[in-house]
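Notes follow the structure.
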Amino acid sequence: MLASRIANELSEGYGISVSVLDIYTNSTLGALLDFLDGQGKSSGAPGGRQRGRRALPQAPGQGAPEIAIVGLAGRFPGAVDADAFWQNIVKGAVSMTTFSKEYLMSKGVPEVALAHKDFVPGAYMINDADKFDHQFFGINRNEAAHMDPQHRVFIETTWAALDNAALPPRSGLSDTVVGVFAAAGIDGGPAATLSTTWMVSR
């Protein structure tokens, strides 16, 4: 199903002739690009690949397209955006939030875990992770409540990156070649749960 959608998008959106079998035969991105380059060269198309709607800009004297990073966004412990994060790095700030014993016990952390020599009563937390505006993003309230919190933050940060690039997501992306590249830190929740379980069982 996904291969069919990819084939249709490449054909209808970019004028690239590729079949579902071609996608399965060239199952990695690199292999598919090599296959398409070979098709373009054999057909005499300039620059290798055939493109219909909008070609990627070609670097002068090179075959590879130019890529420009035009926006940046992030949410970090102790920093609401990339600028604040950089200032924390410059200052050597430690952005860990420390919790009292009483607070941790009120959240269900057993006393035996708190007394363990390896237990650290702190966490690296981002601000306002619970302030997701589901109406702004057109998501049902119940669906938003059941979404992974990291997913909600990802949506917010993606919007912020486009906004930082002066590309309004609702009106500024038509007929543009734009990609959002994102990554997230390791979620420590499951690991913390397993660690606490192990300490209690000991």
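At the far end of the sequence shown sits residue 211, using this note's numbering, and the numbering has no gaps. By construction, the Cβ of each residue, glycine as well, lies at the ideal position given by its N, Cα and C atoms. For clarity, every value in this text was computed on a predicted model and none was experimentally measured.
In terms of Cα proximity to D139, the closest of A132, S104, E75 and E165 is E165.
The shortest C-alpha to C-alpha distance from F190 to any of L45, G80, G131 and D43 is the one to G80. DSSP places F163 in the helix class (H, G or I) of the three-state scheme. Per DSSP, D92 is one residue of the alpha helix (DSSP H) stretching across A91 to K100. In chain order, G87 place their CB closer than 7 Å to the CB of A102, counting only its own chain and leaving out the 5 sequence neighbours on each side.
Between P130 and F146, the C-beta gap is not smaller than 8 Å, which leaves the two residues out of contact.
In the structure shown, the three-state DSSP call for A132 is strand.
For I98, the number of other beta carbons within 10 angstroms of its own is below 16, and it is reported as exposed.
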